[in-house]
Amino acid sequence: MKKTIITFVVIGVAAVAIIFTLSNNKKENQAKMDIVSTKGGAVPVRVSTVKKEEINIDFSSNGKLLANQDLMLLSEVNGRVLSIKVKEGDRVSKGQVLATVESTYSSIDLQTATAALEKLKVDQKRYEASLKSGGITQAQLDEINLGVKNAENQVAQARKRVSDATITAPISGVINRKYIEVGSFVGGGTQLFDIVDVSSLKLKVTANERQVIQLSLGATVNVIVPAFADEKFTGKVSFIAPKADNSMNYPVEIVLDNSKSSKIKAGMYATATFEFGTQAPIITIPRSSFIGSVNSKKIYVLESDKAILREVAPGMVFGDQVEILGGLKEGDIVITTGQINLVDGAAVEVVEK
0 MKKTIITFVV
10 IGVAAVAIIF
20 TLSNNKKENQ
30 AKMDIVSTKG
40 GAVPVRVSTV
50 KKEEINIDFS
60 SNGKLLANQD
70 LMLLSEVNGR
80 VLSIKVKEGD
90 RVSKGQVLAT
100 VESTYSSIDL
110 QTATAALEKL
120 KVDQKRYEAS
130 LKSGGITQAQ
140 LDEINLGVKN
150 AENQVAQARK
160 RVSDATITAP
170 ISGVINRKYI
180 EVGSFVGGGT
190 QLFDIVDVSS
200 LKLKVTANER
210 QVIQLSLGAT
220 VNVIVPAFAD
230 EKFTGKVSFI
240 APKADNSMNY
250 PVEIVLDNSK
260 SSKIKAGMYA
270 TATFEFGTQA
280 PIITIPRSSF
290 IGSVNSKKIY
300 VLESDKAILR
310 EVAPGMVFGD
320 QVEILGGLKE
330 GDIVITTGQI
340 NLVDGAAVEV
350 VEK
């Protein structure tokens with residue numbers, strides 16, 4: 000019984016709350032629409048005078064700093080590590096020797112392949128002489144020529160394996176991590192070193208369709224790195240995506256020169272601030288002026304206490320303001336609320352907020 004009473008009480012409280020909310024919503028909608036009796040049967044509306052305004056289109060976008068290059072160096076040969084020339088944190092140059100791997104078997108393979116090639120070349124010369132005297136056929140010479148080409152390929156592969164036993168840096172950068180030790184055995188695909196180039200950094204951010212049209216390749220951008228709050232950095236726009244992502248934003252890439260100090264680390268968060276300076280004043284009207292949506296291109300203007308339907312050319316949208324490219328001039332008065340009750344030429348009465 001007690002549970003039943005509690006249930007009815009909860010339901011009653013909820014019903015009262017719903018009724019109160021609906022009542023408030025009704026009052027708010029009533030106030031917005033101004034559906035009230037006015038003299039002469041005129042429809043109550045609110046208006047806004049058209050004027051030119053300076054629009055601030057500066058914006059900021061956050062992202063994570065990425066290394067210019069981040070390379071995982073893998074082994075291409077099988078063998079035991081004989082020596083390691085670098086340690087973690089060392090700065091290396093492209094082509095610098097990092098480690099050596101045992102190459103005994105690769106050297107033997109190279110010697111064997113070289114000897115086989117030399118023998119085939121001797122046979123090739125003998126076959127060419129025999130062809131002139133009619134001792135062999137052209138097909139036999141073609142066969143020996145093919146054998147020479149195959150032997151040359153085998154020599155090149157063996158020489159490559161010997162060369163790969165000396166591990167060199169494919170890029171300049173810093174040894175971020177070392178995965179091997181002297182005496183360990185490596186095979187093809189074994190991780191050797193992680194090399195990171197932070198001489199320049201890439202900041203990947205996004206811009207919406209209104210912002211991206213203001214950007215240009217090579218433009219200078221101010222960058223704020225929270226880890227160095229008292230310092231200012233600059234970068235240049237290096238990439239602007241020609242296509243929006245799934246969230247309808249356009250990926251933008253900014254490159255920062257980090258070669259002088261290398262104090263900024265890959266992985267740090269940063270904010271790019273795009274500043275475009277003072278923009279020429281443009282005509283804007285409230286977004287609520289449009290009938291339905293901005294895409295309708297239709298609004299009502301106030302002329303001699305009447306609502307006159309007019310089609311305009313909307314431009315960019317700035318929050319609750321819409322740029323007007325044509326169809327209005329400074330001083331025109333547009334109706335911002337009450338359009339739901341209007342038809343072209345309807346009598347209206349302006350009410351104050």
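Counting from 0, one number per residue, gives the positions in the sequence shown under numbering that gives the first Met the number 0.
Glycine residues also receive a C-beta, built at the ideal position from the N, C-alpha and C atoms.
All figures in this text were calculated on a predicted structure; none of them were measured in a lab.
Using DSSP with H/G/I as helix, E/B as strand and the rest coil, what is residue i?
i      : result
Gln213 : coil
Ile339 : helix
Ile170 : coil
Gly78  : strand
Glu230 : coil
Ser132 : helix
Asp303 : For clarity, residue 303 is Ser in the given sequence; the question names Asp instead. If DSSP states are grouped into helix, strand and coil, Ser303 belongs with coil.
Ala164 : coil
Gly88  : coil
Lys264 : coil
Glu310 : strand
Val224 : coil
Gly291 : coil
Lys259 : coil
Lys120 : helix
Ile54  : coil
Gly344 : coil
Val333 : strand
Asp193 : strand
Val35  : Per-residue confidence for Val35 stands at a pLDDT of 43, beneath the threshold of 50, marking its modelled position as unreliable; no derived number is given.
Val49  : coil
Ile179 : coil
Leu140 : helix
Lys148 : helix
Asp108 : helix
Using 10 angstroms around the beta-carbon of residue i, count the other beta-carbons present and answer buried if the total reaches 16, otherwise exposed.
i      : result
Val100 : buried
Arg79  : exposed
Arg125 : exposed
Asn67  : buried
Tyr249 : buried
Phe184 : exposed
Leu73  : exposed
Thr336 : buried
Phe273 : buried
Gly187 : exposed
Ile263 : buried
Lys159 : exposed
Ser82  : exposed
One question on the structure: do residue i and residue j come within less than 8 Å of each other, judged by their Cβ atoms?
i      : j      : result
Leu116 : Ala155 : no
Ile174 : Val91  : yes
Glu195 : Ala265 : The question names Glu, yet the displayed sequence has Val at residue 195. Yes, these two residues count as a Cβ contact at 8 Å.
Ala226 : Val42  : no
Ala112 : Ala157 : yes
Gly94  : Ala168 : yes
Asn364 : Ser198 : In the structure as shown, the chain starts at 0 and stops at 352, and residue 364 therefore has no counterpart that could be examined.
Arg176 : Asp193 : yes
Val161 : Ser102 : yes
Met71  : Gln190 : yes
Lys235 : Val220 : yes
Leu65  : Leu200 : yes
Val147 : Lys120 : yes
Gly98  : Ile170 : It is Ala, not Gly, that sits at residue 98 in the sequence shown. For Ala98 and Ile170, no; Cβs fall outside 8 Å.
Cutting at 8 Å between CB atoms, please list the residues of its own chain near residue i, excluding the five before and the five after it.
i      : result
Gly314 : Ile281, Val321, Glu322, Ile323, Leu324
Gln278 : Glu53, Ile54, Asn55, Ile56
Whole angstroms is fine: what's the gap from residue i's alpha carbon to residue j's?
i      : j      : result
Ile212 : Ile253 : 16 Å
Tyr62  : Val333 : Checking the sequence, you will find Gly at residue 62 rather than Tyr. So the alpha carbons of these two residues sit roughly 41 Å apart.
Val46  : Asp57  : 29 Å
Ser261 : Thr165 : 29 Å
Lys231 : Asp331 : 45 Å
Ile239 : Lys305 : 48 Å
Thr48  : Glu329 : 8 Å
Lys203 : Ser59  : 12 Å
Leu308 : Leu301 : 9 Å
Gln123 : Gln153 : 17 Å
Lys51  : Asp69  : 50 Å
Asn55  : Pro241 : 24 Å
Val76  : Lys118 : 28 Å
Asp108 : Ala114 : 10 Å
Got a sec? Which residues, its chain only, sit under 7 Å from residue i by beta carbon, not counting five neighbours each side?
i      : result
Ile360 : Here the chain has residues from 0 to 352 only, and residue 360 is not among them.
Ile135 : Tyr126, Ser129
Gly326 : Arg309, Glu310, Val311, Ala312
Counting only the same chain and skipping the five closest in sequence on each side, list residues whose C-beta sits under 6 Å from that of residue i.
i      : result
Arg286 : Asp319, Val321
Met32  : In this prediction, Met32 has a pLDDT of 46, which is less than 50 and means its spatial position is unreliable; what the coordinates show is noted afterwards. Counting only Cβ-Cβ distances below 6 Å, and skipping sequence neighbours, we find nothing.
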